[in-house]
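First comes the structure, then the notes that go with it.
Residue numbers (the working numbering), protein chains in the order written: chain G, 1 to 668; chain U, 1001 to 1275; chain H, 2001 to 2435.
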């Protein structure tokens, strides 16, 4: 057994060099707090919080963009915004909310919860996890850097991207959007895709391979199941858009003809490739929220989830069918009758597993003792609003009727009911529900409920009238509209609702910040939870579990609470067994993931403006950006090389009988 | 989380829930994803094959099917060597593993050299570029992506090869780096200049002219080769061994996958034109 | 969780009932609120005037009935469960947990079967209507009028494929108009949709759902106007900066009116004889040139126009009574001098360009700038004065009044100064003489 070193010895830099690990360029970071601690962390909880923090930041940015959009539309023929600015705003609102808000918020919960719910100490590849996070940050920077050119004229990006979030070719071709903003959009999405694929590979391995003893697949908490399905969707769907983006990039920079009409390109191919990704993406956004709700409803009904196997199977079915319905985004592009009919029927089919979930959630409530705490309010709001969004979805599946609704405000109403009423409500429920677990403090009920009602009313005022705007012929993405179209009142109400929604969201997050400092201290299990994360302290210690739990039933923690003696004995044995193997093994922090991501940033940022000369102090330094792009690539490759040589490393934690944790290094 | 077991079972990892080692599962999942990458590229190619614009290049007038068939055969054979490398390390035979890794890399380089020859030939002789016809666009991106996969595979194998020399007692970062550099230079020169040059010699070019033309890269290649031989001598105990079988096996998975993908591309892009 | 039930709970408890009540009061009392849910606009998909749009609305209503039925049933069960199984008191929440039931396969499978059955109700008419709305029914094919609509950033060109006009230079070409498609009512119209640049979409909600104008793809749609009328259409696929104001109109006329219109269209552009070129410059007759519009004002239709757009359109066909031939002649001269001719065609006059809309009979159109401005002399003048204000990014501004320098920055065109009030006056007179 190795020496146990006191805390100051490993947080300070001065501990005696034991035998150095073989391949190291510089010492591995060991700081647990401070800037270095956060930048080099491999702890899934810290990574999850970083994802969450960044995502909430971009959620608010995207919300601000939405408010600007609604302000422009509040009266007809408004000139509050320029047409081009408006186009940038709706493009970035969509891109931000999907790729920089909802997806990373889901990723935050994947990080925070999956290891806790499967009873593991971290994800399968901790450094890879850190890499995903920083690569995601790179993508976020690339997408948003264009805004700078509105404030600093010398940065000639031509504004933020303005091609719409699905960037239909040939609008993305150099002839129609010569600005750099489109190149940055292409690279930004590509980098975000890389981040998501890497992260998903990690979660797949974690969920399949790192389950605690006794945790069979059919005992997995539903959230983790949905995370698994989502991860598979991500790794299988993202390649389609990655290739499509490569093709656009080649068209713009190297003169290929994939979508260049004059060279024989078929812009319709972009739509197919995009939606082969884009439709599974819809389920990527909504399946994790279905998971949160499937966790929250049983807790606050004090009853297990109704029809667990059917909920799981319908989640998997949604994932499968989700790959076969992409063309329902293209009913108006002239697919031909047979294809249109086939995709219309497949789209109706996917409504069935979705409906099944709603039935089962109602079944969960039935016969329970419903406690209407704030997370439960958001979860119930989710069911109602998601149901409405689902209904307008069914309306779209009737292809001929869709010819009137496609690209109208009816579609805007539909997917905001699914993505706000659905995904966002569930995410807000989840944030409120797990906040005490990760910050150790409760959020006050009154303010939570107030924010719920503000959000609920604001949301419905904003988006319910949009159904009617769409049926009254208002197309989406319109910078302005005429006063004689009958759209004035609907837009006015929608804009006012949007301000109310903004106020609700502001209240929600303001209260969270207050609670972080002043909230009532929460115990381990403030909600009488059912899954394993509630069995450990709040906030969880770095090693999560003093002993890897053995799972005996589906709602593992609920079972443990009702079989305490048996569990206590089992747990003591596990702690002893682990200590006899050298203690709890924890992975080491590392600099290389963030350095590699930095190299990627340099590489892609310069690659995006490849053919432009590099200017500094009004002098042309390089004729193109290629040298800088190659520099970035070299940093990336070197960092990966050193990363692989460094090895996972690791240290051990030892838990004394009094619960005190000590740390030891270099003993393996 | 501990690997203190006395004997190593290559097909079962007791520390994971399924018994499949984490790395292997990661690679499998990645390959599933990679399938979709190639799927999208092949679909693009086939879509434009069915909807050719006027003036598109005619594939059968451009392809050199004999050469491509030969390099396909070479790539298939490299998979055999890869399997032998995995087998060797599972038996703990590091020397044999090194030989098989080098052999796999060599065959990979032959294939890549064939592709470099093919690309230059298409561009300069057949006048088909990335941008002057849609067939060029889809062909070069699809086969180029595959070529990049093979090149990355060679690099990974090279890194694995260098890693087999990592001394048991630690240290040796600089030496490791120099060794990897030698691998990169040697194999890089081989597939960019040497192999395509030799193919031209086979088709009747003059060998001495080839030497004159690419004197600098060939000189660098020879230096690299000498360094490779010098560094390849065994020095003391190495850390690499049977426990690393999973690492070699993971790369092997990737290599076999790239191989299989080539068979599909060869069928869909080349053979289909001769039906 | 041990504290007693706080007072605010009562407030939140009645929040749903309170909200529902408030909503109901608002809905039933306030006229403005009624307007939010009104579907009577000129682009309404409900108030249809043709068989294609009518089928689409009927199908939509089937989906509405089915989903409303599901909503009422499921919503009632959900609401009942929420109220009935609510923990009534603090003690309730602390009591023994309820029965830990895991589900009931029979109920679940039954519900799946029920949902499938309900979807079939939608599926059958969907498939039937996919075929109906796709192409003109066989029995009406012989009677159909073929038109090609082409999208440009950001306006529409309409070509009558079978209606040939003689070119002044000899030969003939199909009749071309811009932004206003005039069709005979009661006859099926088969529209080939094309584009010269990016994807646009052809959408006249009262007549038919949209079909995209895809590059390298021969899409088409059909519609029929049941009665003469003035229909609003708009591009429905995001196509760049001024997508929002890429609008057009479809004017359906009774067959005799249509024939009369067609005959007039086939003539070369109308000429007004110049009496005195010199006199015109000193006495501008139409005093609108310095007028400025407030932003936010209604642009495309004055109240009189909106009251009966079809009548307004008919009125627009008449030659203006106070025409000044001298001014018209000056305008015609300016139209060449200001290089307008290189982008706009005026058949029989100097214009030969094809980049912009054909202006052979621009004076008889009810709107200018692709449906953005009513075609009054004032607004046409406004359009000529500030094209980039009314249609940001358009080619008359970028490429006409502005040209790119070597750095790619847009600079004033040295060969084309912006128009003076007098010049606008003359140009408007000329353009409005083209009836």
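Think of the CB as a built atom: it goes at the ideal place given N, C-alpha and C, for glycine as much as any other residue.
Quick caveat: nothing in here was measured; it's all calculated off a predicted structure.
> Mind listing which residues of the segment 406-418 of chain G have their C-beta closer than 8 Å to chain H's C-betas, in chain order?
Replying inline: Taking 8 Å as the Cβ-Cβ cut-off, the segment 406-418 of chain G approaches chain H at 406, 407 and 408, given in chain order.
>> Using C-beta distances below 6 Å, list every residue in its chain close to residue 186 (chain G), excluding the 5 sequence neighbours before and after it, in chain order.
In response: The residue labelled residue 186 (chain G) in the question sits at position 186 within the first chain. Here residue 186 (chain G) has 245, 248 and 249 as same chain residues with Cβ atoms under 6 Å from its own Cβ, once five neighbours each way along the sequence are excluded.
> Given 8 Å as the limit, is there contact between the segment 222-230 of chain G and the segment 160-170 of chain G, that is, 3 or more CB pairs closer than that?
Replying inline: Below 8 Å, too few C-beta pairs join the segment 222-230 of chain G and the segment 160-170 of chain G to call them touching: fewer than three.
> Which chain G residues are close to residue 1094 (chain U), counting only those with a beta carbon under 8 Å from its beta carbon?
Replying inline: As a working note, residue 1094 (chain U) is residue 94 in the second chain. When 8 Å is used as the limit between beta carbons, residue 1094 (chain U) is near no residue of chain G, the shortest such separation being about 17 Å.
> In chain order, which alpha helix (DSSP H) runs of at least 4 residues are fully inside the segment 1203-1243 of chain U?
Replying inline: Those alpha helix (DSSP H) runs which fall completely within the segment 1203-1243 of chain U and span 4+ residues are 1207-1213 and 1215-1231.
>> List, in chain order, every chain G residue whose beta-carbon is nearer than 8 Å to that of residue 2210 (chain H).
In response: On the third chain, position 210 is the one that residue 2210 (chain H) refers to. Within 8 Å Cβ-Cβ: 332, 403, 404, 406 and 407.
> Name the DSSP bridge partner or partners of residue 1167 (chain U)?
Replying inline: As a working mapping, residue 1167 (chain U) is identified with position 167 in the second chain. U:1238.
>> So, with DSSP's three-state summary, where would you put residue 2219 (chain H)?
In response: Here the question's residue 2219 (chain H) lines up with position 219 in the third chain. It is a strand residue.
>> Could you tell me the alpha carbon to alpha carbon distance between residue 2286 (chain H) and residue 503 (chain G), rounded to whole angstroms?
In response: Position 286 of the third chain, counted from the first residue, corresponds to residue 2286 (chain H). Position 503 of the first chain, counted from the first residue, corresponds to residue 503 (chain G). Low confidence applies here, because residue 2286 (chain H) scores a pLDDT of 40, under 50, leaving its location unreliable and the question unanswered by this model.
> For the alpha helix (DSSP H) that residue 2106 (chain H) lies in, which residues bound it at each end?
Replying inline: The residue labelled residue 2106 (chain H) in the question sits at position 106 within the third chain. It spans 2105-2134 - the alpha helix (DSSP H) in which residue 2106 (chain H) sits, taken as one unbroken run.
> Given that a residue counts as buried once 16 or more other Cβ atoms are within 10 Å of its Cβ, and exposed if not, what is residue 634 (chain G)?
Replying inline: To locate residue 634 (chain G), count along the first chain from 1; it is residue 634. Residue 634 (chain G) comes out exposed.
>> Can you give me the C-alpha to C-alpha distance between residue 381 (chain G) and residue 458 (chain G), rounded to a whole angstrom?
In response: The count along the first chain starts at 1 and reaches residue 381 (chain G) at position 381. The count along the first chain starts at 1 and reaches residue 458 (chain G) at position 458. Approximately 13 Å between the Cα atoms of the pair.
>> Just to make sure I have the definition right: I need the residues of chain G whose C-beta is within less than 8 Å of the C-beta of residue 2130 (chain H). Which are they?
In response: In the third chain, residue 2130 (chain H) corresponds to position 130, counting from 1. Chain-ordered, the chain G residues with CB closer than 8 Å to the CB of residue 2130 (chain H) read 337, 340, 341, 344, 399 and 400.
>> According to DSSP, simplified to helix, strand and coil, what is residue 2358 (chain H)?
In response: For this step, residue 2358 (chain H) is matched to residue 358 along the third chain. Of the three classes helix, strand and coil, the one that applies to residue 2358 (chain H) here is coil, per DSSP.
> Out of G:165, G:401, G:216 and G:98, which has the shortest C-alpha to C-alpha gap to residue 196 (chain G)?
Replying inline: In the first chain, residue 196 (chain G) corresponds to position 196, counting from 1. Nearest of G:165, G:401, G:216 and G:98 to residue 196 (chain G), Cα basis: G:98.
>> What does the alpha-carbon distance come out to for the pair residue 298 (chain G) and residue 358 (chain G)?
In response: Numbered from 1 along the first chain, position 298 holds the residue referred to as residue 298 (chain G). Numbered from 1 along the first chain, position 358 holds the residue referred to as residue 358 (chain G). For residue 298 (chain G) and residue 358 (chain G), the distance between alpha carbons rounds to 14 Å.
> Where residue 2154 (chain H) and residue 451 (chain G) are concerned, what is the direct C-alpha to C-alpha distance, given to the nearest angstrom?
Replying inline: As a first step, residue 2154 (chain H) is located in the third chain; it is residue number 154 there, counting from the start. As a first step, residue 451 (chain G) is located in the first chain; it is residue number 451 there, counting from the start. Rounded to whole angstroms, residue 2154 (chain H) to residue 451 (chain G) spans 43 Å at the Cα level.
> With respect to the alpha helix (DSSP H) encompassing residue 271 (chain G), which residues constitute its N-terminal and C-terminal limits?
Replying inline: Taking the first chain and counting its residues from 1, the one referred to as residue 271 (chain G) is at position 271. First-last of the alpha helix (DSSP H) with residue 271 (chain G): 267-301.
> Using 8 Å as the limit for Cβ to Cβ distance, is residue 420 (chain G) near chain H?
Replying inline: Sequence index remark: in the first chain, residue 420 (chain G) carries index 420 (1-based). No - not a single Cβ of chain H is within 8 Å of the one on residue 420 (chain G).
> From residue 669 (chain G) to residue 389 (chain G), what does the alpha carbon distance come to, in whole angstroms?
Replying inline: The shown model of chain G, from 1 to 668, leaves out residue 669 (chain G), and the question about it has no answer.
> Measuring CA to CA, which of H:2197, H:2133 and H:2171 is closest to residue 176 (chain G)?
Replying inline: In the first chain, the residue the question calls residue 176 (chain G) occupies position 176. The residue with the shortest Cα to Cα distance from residue 176 (chain G) is H:2197.
>> Suppose you measure from the CA of residue 278 (chain G) to the CA of residue 1207 (chain U); what does that come to, to the nearest Å?
In response: For the purposes of this step, residue 278 (chain G) is taken as the residue at position 278 of the first chain. For the purposes of this step, residue 1207 (chain U) is taken as the residue at position 207 of the second chain. When rounded, the distance between both Cα atoms is 53 Å.
>> Is there a C-beta anywhere in chain G that falls below 8 Å from the one on residue 1002 (chain U)?
In response: Translated into the one-based positions of the second chain, residue 1002 (chain U) becomes position 2. Its pLDDT being 42, under 50, residue 1002 (chain U) is placed unreliably in this model, and the value from its coordinates should be taken loosely. Yes, contact with chain G.
> Using a Cβ-Cβ distance under 8 Å, would residue 1185 (chain U) count as near chain G?
Replying inline: Here residue 1185 (chain U) corresponds to residue number 185 of the second chain, with the count starting at 1. Output row for residue 1185 (chain U): interface = no.
>> Determine whether the beta carbon atoms of residue 112 (chain G) and residue 45 (chain G) lie at a separation below 8 Å.
In response: The sequence position of residue 112 (chain G) within the first chain is 112, counting from 1. The sequence position of residue 45 (chain G) within the first chain is 45, counting from 1. A contact, by the Cβ cut-off of 8 Å.
> Where does residue 431 (chain G) fall in DSSP's three states?
Replying inline: For the purposes of this step, residue 431 (chain G) is identified with residue 431 of the first chain, where counting begins at 1. Correct three-state label for residue 431 (chain G): helix.
> Cα separation between residue 2398 (chain H) and residue 292 (chain G)?
Replying inline: Mapped onto the third chain, residue 2398 (chain H) falls at position 398. Mapped onto the first chain, residue 292 (chain G) falls at position 292. One alpha carbon belongs to residue 2398 (chain H), the other to residue 292 (chain G), and they sit about 52 Å apart.
>> Taking 8 Å as the threshold (C-beta atoms), are residue 1151 (chain U) and residue 1112 (chain U) in contact?
In response: Residue numbering aside, residue 1112 (chain U) sits at position 112 when the second chain is read from its first letter. Residue numbering aside, residue 1151 (chain U) sits at position 151 when the second chain is read from its first letter. Contact: yes.
> Using the beta-carbon of each residue, which ones in chain G are nearer than 9 Å to residue 2134 (chain H)?
Replying inline: By 1-based counting over the third chain, the position of residue 2134 (chain H) is 134. Chain G residues near residue 2134 (chain H): 336, 337, 340 and 400.
> Listed from N- to C-terminal order along the chain, which residues in the segment 192-210 of chain G have their beta-carbon within a distance smaller than 7 Å of any beta-carbon of chain U?
Replying inline: Those residues of the segment 192-210 of chain G that come within reach of chain U (Cβ to Cβ, closer than 7 Å) are 197, 201, 204, 205, 208, 209 and 210.
> According to DSSP, what are the bridge partners of residue 97 (chain G)?
Replying inline: Position 97 of the first chain holds residue 97 (chain G). For residue 97 (chain G), no pairing in a beta bridge is given by DSSP.
> Between the C-alpha atoms of residue 584 (chain G) and residue 549 (chain G), what's the straight-line distance to the nearest angstrom?
Replying inline: In the first chain, counting from the first residue as 1, residue 584 (chain G) sits at position 584. In the first chain, counting from the first residue as 1, residue 549 (chain G) sits at position 549. Going by C-alpha positions, residue 584 (chain G) is about 13 Å away from residue 549 (chain G).
>> Which complete alpha helix (DSSP H) runs does the segment 2352-2413 of chain H hold, if anything under 4 residues is left out?
In response: The alpha helix (DSSP H) runs of length 4 or more contained entirely in the segment 2352-2413 of chain H are, from start to end of the chain, 2377-2385 and 2387-2390.
> What's the C-alpha gap between residue 1059 (chain U) and residue 1273 (chain U)?
Replying inline: Walking along the second chain from the start, residue 1059 (chain U) turns up at place 59. Walking along the second chain from the start, residue 1273 (chain U) turns up at place 273. One C-alpha to the other measures close to 7 Å.
>> Which residues does DSSP list as the beta-bridge partners of residue 28 (chain G)?
In response: The residue given as residue 28 (chain G) occupies position 28 in the first chain. Under DSSP, residue 28 (chain G) forms no beta bridge with any residue.
> Among G:124, G:657 and G:33, which one has its Cα closest to the Cα of residue 587 (chain G)?
Replying inline: Taking the first residue of the first chain as 1, we reach residue 587 (chain G) at position 587. Closest by C-alpha distance to residue 587 (chain G), out of G:124, G:657 and G:33, is G:124.
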